[in-house]
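Read through the structure below, which is laid out as structure tokens, and then see the notes.
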Amino acid sequence: MRTKSALLLVAALAGLAACAAPDETPTASGNDVQQAAAVTINDGPDQQRIVPAKVDAAAALLPEAIKQKGTLTIGVGAAGAGFAPLAFTATDNKTLIGSEPDIAVAVAGVLGLKPDLQNTSWENLFIGLDSGKFDVGASNITVTEERKQKYDFATYRKDELAFEAKKGSGLTVTGPKDVAGKRVAVGSGTNQEKILVEWSEEAVKQGLPKVDIKYYQTNQATYLALGSGAIDLYLGPNPTSAYHVAKAGESEIVGTYSGAGSTLQGKIALTTKKGSGLVEAYKAALDELVKSGDYQKILNRWNLADEAVDAPEINPPGLPIEGK
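For the sequence shown, the positions run -20 to -1, 1 to 304 when mature numbering (1 follows the signal peptide of the UniProt record, and there is no 0) is used.
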């Protein structure tokens, strides 16, 4: 995929997720991306992840079949470039790293299970959850009312989205009128796509042009399009955009929005097939991580402290179904 060297990120990265929503200023060599707030992001394959000891009370909540299997199969939809700092490939071009794998691996530790991280596409992540191939999805998945019809959720992070534009674009995005007629890239099947489609429809109702929605297979392709002027904006996870803005220095965030819409704080959650019997165990494991301080340590190492939730929840209100 690519080989990274150490990059000194500008001060903007200190507020990576401070705008409370799956890339260069070269300096030294090595495997660390250093941030202005004295936080170091290790993008090498030797992650030294936090793996807590088993907590019997949480593990007791697991279905018997999972206990017998002894493995937690974790689906992460970061195929291709992934989406740093959430889930992406290390400098060895094969090891899956980021905040999402770290949270899932820590949960597996609390439950006394061996983590089996499997990198796949966003679309195949949900197919794998539906089929039972994956016990859990850990991939910046937003709680939505539509998804709650098929999946159970245990929340662990706030969900903030960002509109990213080429530096000096002069654009500001606060609502549908600002994206009317604009070429905007978004990930297919994501909740941000749903929001963008709704904004496009609202713009048309206001007598404005619809949004020209564009889709790309990878983040690299999206950013190439943004840099070349093929698109005007990219709507994606705020941490990913903030990381890219600080690292590349060629784009800027021109608007942020909650992943659950204008009336709710969006939440990111571990995701499992509805009725699988796993969500209570996941929530109990997350509670243990919060209690021990390991949860905050994981977010801190990826500079995501500002996206911490006060307490994990099961199936909280999510992005509403359009028209309801």
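Just so it is clear, CB atoms sit at the ideal spot from N, CA and C, and this is done for glycine as well.
Simplified DSSP assignment, three categories, for residue i
i	result
Leu213	strand
Phe133	strand
Val166	strand
Asp158	helix
Val225	helix
Phe68	strand
Leu109	helix
Ala142	strand
Val289	coil
Gly89	helix
Asp23	coil
Ser272	helix
Thr236	strand
Ala(-10)	For Ala(-10), the predicted model reports a pLDDT of 34, less than 50, meaning its position is unreliable; a value from the coordinates is still stated below. Ala(-10) falls in the helix class under three-state DSSP.
Thr219	Strictly speaking, residue 219 in this sequence is Pro, with Thr absent from that position. Reduced to three states, the DSSP call for Pro219 is helix.
Outcome for residue i when other beta-carbon atoms lying within 10 angstroms are tallied against a minimum of 16
i	result
Pro219	buried
Tyr195	exposed
Lys253	buried
Thr274	The sequence shown places Asp at residue 274, not Thr. Under this definition Asp274 is a buried residue.
Arg(-19)	With a pLDDT of 33 at Arg(-19), under the threshold of 50, the predicted position of this residue should be treated as unreliable, and no value is reported.
Gln28	exposed
Ser242	exposed
Selection from the options that minimises the alpha carbon distance to residue i
i	options	result
Pro297	Gly207, Thr124, Val159, Arg163	Thr124
Thr122	Asp110, Ala64, Lys174	Lys174
Glu260	Ala33, Leu206, Leu188, Pro43	Pro43
Ser72	Ile211, Val184, Asp23	Correcting the residue identity first, residue 72 is Asp in this sequence and not Ser. That would be Asp23, whose Cα lies nearest to the Cα of Asp72.
Asp26	Leu151, Leu176, Ser221, Leu76	Leu76
Gly89	Ala183, Pro300, Ser272	Ser272
Cβ pair residue i, residue j closer than 8 Å
i	j	result
Asn199	Ala61	yes
Ser149	Val234	yes
Glu80	Ala45	no
Asn120	Pro217	yes
Beta carbon proximity, residue i to chain D, threshold 8 Å
i	result
Thr243	Although the question refers to chain D, the structure presented lacks it and comprises just one protein chain.
Query raised in the report: Three or more beta-carbon pairs under 8 Å between the stretch 283 to 294 and the stretch 256 to 273, yes or no?
Result: yes
**Report entry** Three-pair Cβ contact test at 8 Å for the stretch 116 to 133 versus the stretch 150 to 161
**Finding:** no
Query - Cβ contact (3+ pairs, closer than 8 Å) linking the stretch 132 to 152 and the stretch 282 to 289 - result: yes
Query - Segment contact, 8 Å Cβ cut-off, at least three pairs: the stretch 49 to 63 with the stretch 90 to 106 - result: yes
Query raised in the report: Does the stretch 201 to 214 touch the stretch 108 to 115, meaning 3 or more C-beta pairs lie closer than 8 Å?
Result: no
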